[in-house]
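Just below is one structure, and these are the notes that go with it.
Number of protein chains: 2
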Amino acid sequence: MSVLVVGSVAMDSVETPFGKADDVLGGSATFFSASASHLTDVQVVGVVGSDYPMDKLRELEKRNVDLGGIEQVDGSSFRWRGRYRHDLNSAETLETHLGVFSHFEPKIPARFAKPDFLFLANIDPRLQLAVLKQVERPKLVASDTMNFWIESRRPELVELLGHVDLITLNDSEARQLTEQSNLVQAARWIMAHGPKHVIIKKGEHGAFLFRDNNIFFAPAYPLESVFDPTGAGDSFAGGFIGYLARTGDLSEANMRRAVIYGSAMGSFAVEKFSIERLMTVTRPEIDERVHAFKQLVAFEEDLDA
Amino acid sequence: MSVLVVGSVAMDSVETPFGKADDVLGGSATFFSASASHLTDVQVVGVVGSDYPMDKLRELEKRNVDLGGIEQVDGSSFRWRGRYRHDLNSAETLETHLGVFSHFEPKIPARFAKPDFLFLANIDPRLQLAVLKQVERPKLVASDTMNFWIESRRPELVELLGHVDLITLNDSEARQLTEQSNLVQAARWIMAHGPKHVIIKKGEHGAFLFRDNNIFFAPAYPLESVFDPTGAGDSFAGGFIGYLARTGDLSEANMRRAVIYGSAMGSFAVEKFSIERLMTVTRPEIDERVHAFKQLVAFEEDLDA
Numbered sequence: 001m002s003v004l005v006v007g008s009v010a011m012d013s014v015e016t017p018f019g020k021a022d023d024v025l026g027g028s029a030t031f032f033s034a035s036a037s038h039l040t041d042v043q044v045v046g047v048v049g050s051d052y053p054m055d056k057l058r059e060l061e062k063r064n065v066d067l068g069g070i071e072q073v074d075g076s077s078f079r080w081r082g083r084y085r086h087d088l089n090s091a092e093t094l095e096t097h098l099g100v101f102s103h104f105e106p107k108i109p110a111r112f113a114k115p116d117f118l119f120l121a122n123i124d125p126r127l128q129l130a131v132l133k134q135v136e137r138p139k140l141v142a143s144d145t146m147n148f149w150i151e152s153r154r155p156e157l158v159e160l161l162g163h164v165d166l167i168t169l170n171d172s173e174a175r176q177l178t179e180q181s182n183l184v185q186a187a188r189w190i191m192a193h194g195p196k197h198v199i200i201k202k203g204e205h206g207a208f209l210f211r212d213n214n215i216f217f218a219p220a221y222p223l224e225s226v227f228d229p230t231g232a233g234d235s236f237a238g239g240f241i242g243y244l245a246r247t248g249d250l251s252e253a254n255m256r257r258a259v260i261y262g263s264a265m266g267s268f269a270v271e272k273f274s275i276e277r278l279m280t281v282t283r284p285e286i287d288e289r290v291h292a293f294k295q296l297v298a299f300e301e302d303l304d305a
Numbered sequence: 306m307s308v309l310v311v312g313s314v315a316m317d318s319v320e321t322p323f324g325k326a327d328d329v330l331g332g333s334a335t336f337f338s339a340s341a342s343h344l345t346d347v348q349v350v351g352v353v354g355s356d357y358p359m360d361k362l363r364e365l366e367k368r369n370v371d372l373g374g375i376e377q378v379d380g381s382s383f384r385w386r387g388r389y390r391h392d393l394n395s396a397e398t399l400e401t402h403l404g405v406f407s408h409f410e411p412k413i414p415a416r417f418a419k420p421d422f423l424f425l426a427n428i429d430p431r432l433q434l435a436v437l438k439q440v441e442r443p444k445l446v447a448s449d450t451m452n453f454w455i456e457s458r459r460p461e462l463v464e465l466l467g468h469v470d471l472i473t474l475n476d477s478e479a480r481q482l483t484e485q486s487n488l489v490q491a492a493r494w495i496m497a498h499g500p501k502h503v504i505i506k507k508g509e510h511g512a513f514l515f516r517d518n519n520i521f522f523a524p525a526y527p528l529e530s531v532f533d534p535t536g537a538g539d540s541f542a543g544g545f546i547g548y549l550a551r552t553g554d555l556s557e558a559n560m561r562r563a564v565i566y567g568s569a570m571g572s573f574a575v576e577k578f579s580i581e582r583l584m585t586v587t588r589p590e591i592d593e594r595v596h597a598f599k600q601l602v603a604f605e606e607d608l609d610a
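Protein sequence lines correspond, in order, to chains A and B. With the first letter of the first sequence counted as 1, position 285 gets the number 285 in the numbering used here; the numbers rise by one all the way through. Whatever position you read off the second sequence (first residue = 1), add 305 for the numbering used here.
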């Protein structure tokens, strides 16, 4: 089944303790697509400026990513410049230049209007709501958000919750949105406002999937070297939704597996700058890492102890 | 098999967002014993002052905890006063009064001198080394430590590493001791200095067990309300070592199960002040929580996807 993603397509300049990269491919839709395309076909809607290196982005087309929803308009592209220090869990934003992204009004091409799965990446909740009006109800709608929208667009974000099946957000955002310090209570608050599923991402500390009264936890893979954490969350979402779309199965058991595929893709994303590692990773490597996750948490209960 | 623990026996005064408790039972050996005694016999070596509420501590004797190694001497007991704010992961120490603990010189009674398992709780590494000279080599020696000793007794702590089979420490302590920001590399550094096993505790984010090239991860149990985090680490150690002593099995599979028993006991400890919950929890409740941990991380690989 196909996945439609609507989000940012940006140029990132990143500095980590291990090196720096300038004007490399970035943005939520870019990471999502590079990740999900290992598992299913992806359609992308976004906007870039006249300065965007479309030839580099088009590498994604070799992997069944349809860039037909990317508008290139006059002006400069969305640029983000950030730095990670030794605590790789939090980025320090040095510069954000929205450029043409500040006037982004997602237009869903007719051939994208019946997606099986839809991922509303981190953009203004008003735009996320506008996208929903342009598509036939997909099998699953998932959305992401961030602290900026929680502060500036709370009513619209709460309205959006009533229209999505799943939301992904990180632990501090979950606490901020719900005003609950306990994550189980935060997830319950969110589910009471609409989504049947909540994924709370804790960066290097893993991710929770909440669904009804069930909780699933997946650790982050303990890599020996994390090179650049940028895009880990969107790569996670790409692996997660990509696996669901590949299998078309929304059972609890399959959702759990999908979280592990998401975690695996996130773990590859951070091994290099930008989408570099996502462009070279192979399906056997992905399956091997999924298996490594199984080994990481496996234990047998002892019923006689 | 029996477990000997050498550590602090203190009185804690704790304030959390949910209430406060004054002069309640605390200390590493106290939490460890209350936890481990659900699984095996425990022998305790420690020191208290003339003001210690021994009648309350003696409640532990009903559960096969032998307090014969606790010396009561003239002077005041070790007292700790601390506060947790909404971030329950870190305590703010308001007052530490070492009292008779500052002159603690562990003396192992003759009948404790052949322990099957030994836990050197968080005390001066010089004292931990002195304990090792007073006992026949146990089946497994585990030790804990803290930032204060890493700073003030580094050579003795590194010497100790050469004599223990396992060390438990939290993530910031592991980074501080090894000067490695990556936890996998930190664990490798520690194993190169002696211990065959390293447990890195991440509080509400779970715990890693490193052994040879294997890594096992156990999440912390996602409780809806954490009441008082004091003693979680020592309760974890008690469940972990207690389960190993109960089963006498040091295989990788059993060590993994032991980490889950440790995590389960840690999750009960934080449900109430002091050792209150550890005193009332039942074996069926413990087994039920172990099962809940299994549910929390369980997923099946899909070999056809």
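In this text, a Cβ means the ideal position worked out from N, Cα and C, and glycines have one as well.
Using 8 Å as the threshold, is the region 340-352 of chain B in touch with the region 545-561 of chain B, meaning 3 or more CB pairs across them? yes
Using beta-carbon positions only, say whether B:Ala447 and B:Leu471 come within less than 9 Å of one another. yes
Going by DSSP, name the residue or residues bridged to A:Met11. A:Leu25 and A:Arg79
Report all residues from its chain with a CB closer than 8 Å to the CB of B:Lys577; omit the five preceding and five following residues, and keep chain order. Cβ contact annotation for B:Lys577 (same chain, cutoff 8 Å, sequence separation greater than five): Phe532 and Asp533, in chain order.
Sort out for me which residues DSSP pairs A:Gly69 with in a bridge. Bridge partners of A:Gly69 according to DSSP: A:Val45.
So which residues on chain B does A:Pro222 lean against when the C-beta distance must stay under 8 Å? Leu488, Val489, Phe513, Ile520 and Phe522
Which listed residue (B:Met316, B:Met306 and B:Glu461) has its alpha carbon closest to that of B:Gly536: B:Met316
Ignoring anything shorter than 3 residues, give me the beta strand (DSSP E) runs that lie fully in the region 123-152 of chain A, in order along the chain. 140-144
List the whole-angstrom C-beta distance separating A:Ser28 from A:Ala121, where the pair is believed to meet the contact cut-off of C-beta under 8 Å. 4 Å
How big is the Cα-Cα spacing for A:Thr96 and A:Leu67? 24 Å
Per DSSP, the bridge partner or partners of B:Thr401: Under DSSP, the beta-bridge partners assigned to B:Thr401 are B:Trp385.
Rounded C-beta distance between B:Phe453 and B:Ile428? I'm assuming under 8 Å. That pair is no contact at about 10 Å.
Pick from B:Arg390, B:Lys361, B:Leu362 and B:Phe515: whose alpha carbon is nearest that of B:Asp476? Closest option to B:Asp476, Cα to Cα, is B:Phe515.
Proximity below 9 Å, CB of A:Ala36 to CB of A:Val6: no
What did DSSP end up calling B:Leu362 once you bin it into helix, strand or coil? helix
When the cut-off is 9 Å and only beta carbons count, does B:Arg561 lie next to chain A? yes
Roughly how far, in whole angstroms, is the beta-carbon of B:Thr450 from the beta-carbon of B:Leu474, given that I think they are within contact range, below 8 Å? Taking a contact as a CB-CB distance under 8 Å, the pair B:Thr450 and B:Leu474 counts as one, their CB atoms being some 6 Å apart.
Figure out for me which residue from B:Ala492, B:Ser579 and B:Pro443 has the closest Cα to the Cα of B:Ala550. The residue with the shortest Cα to Cα distance from B:Ala550 is B:Pro443.
I think B:Arg582 touches B:Ala574, with their Cβ atoms under 8 Å apart; what is that distance to the nearest whole Å? Confirmed, Cβ separation roughly 6 Å.
Note down, in chain order, all residues in the region 568-595 of chain B with a beta-carbon under 7 Å from any beta-carbon belonging to chain A. Val595
Judging by CA-CA distance, which residue of A:Asn213, A:Thr280 and A:Ile275 is the nearest neighbour of A:Ser13? A:Ile275
C-alpha distance - A:Glu136 paired with A:Pro109, whole-angstrom precision: In this structure, the straight-line span from the alpha carbon of A:Glu136 to that of A:Pro109 is close to 12 Å.
Quick check: is the beta carbon of B:Ala558 nearer than 9 Å to any beta carbon in chain A? yes
Could you say which of A:Asp87, A:His193, A:Phe208 and A:Asn64 lies nearest to A:Ile199 if we only look at CA atoms? A:Phe208
Name, please, each residue of chain B whose Cβ falls closer than 7 Å to the Cβ of A:Ser90. None at all; the shortest Cβ gap to chain B is about 14 Å.
Within its chain, find whatever has a CB closer than 6 Å to the CB of A:Leu132; leave out the 5 residues flanking it on each side and keep chain order. His163
Relative to the C-alpha of B:Val586, which candidate in B:Ser540, B:Leu601 and B:Glu320 has its C-alpha closest? Among B:Ser540, B:Leu601 and B:Glu320, the Cα nearest to that of B:Val586 is on B:Ser540.
Ordered along the chain, which non-local residues of its own chain (more than five positions away) have a Cβ less than 7 Å from that of B:Thr552? Asn559
Test: A:Val131 CB closer than 9 Å to a CB of chain B: no
Under a CB-based cut-off of 9 Å, is A:Ile260 close to chain B? yes
Closest to A:Phe101 by CA distance: which of A:Pro125, A:Val9, A:Arg63 and A:Arg188 is it? A:Val9
I believe B:Leu601 touches A:Phe217 by the beta-carbon criterion, under 8 Å. Please report the beta-carbon distance rounded to the nearest angstrom. 5 Å
Within 9 Å of any Cβ in chain B, is that where the Cβ of A:Leu160 sits? no
Partners in chain A for B:Asp607, counting only beta-carbon separations shorter than 7 Å: Arg257
Go ahead and pull the three-state DSSP assignment for A:Gly206. coil
Check this for me: beta carbons of B:Leu482 and B:Arg459, under 9 Å apart or not? yes
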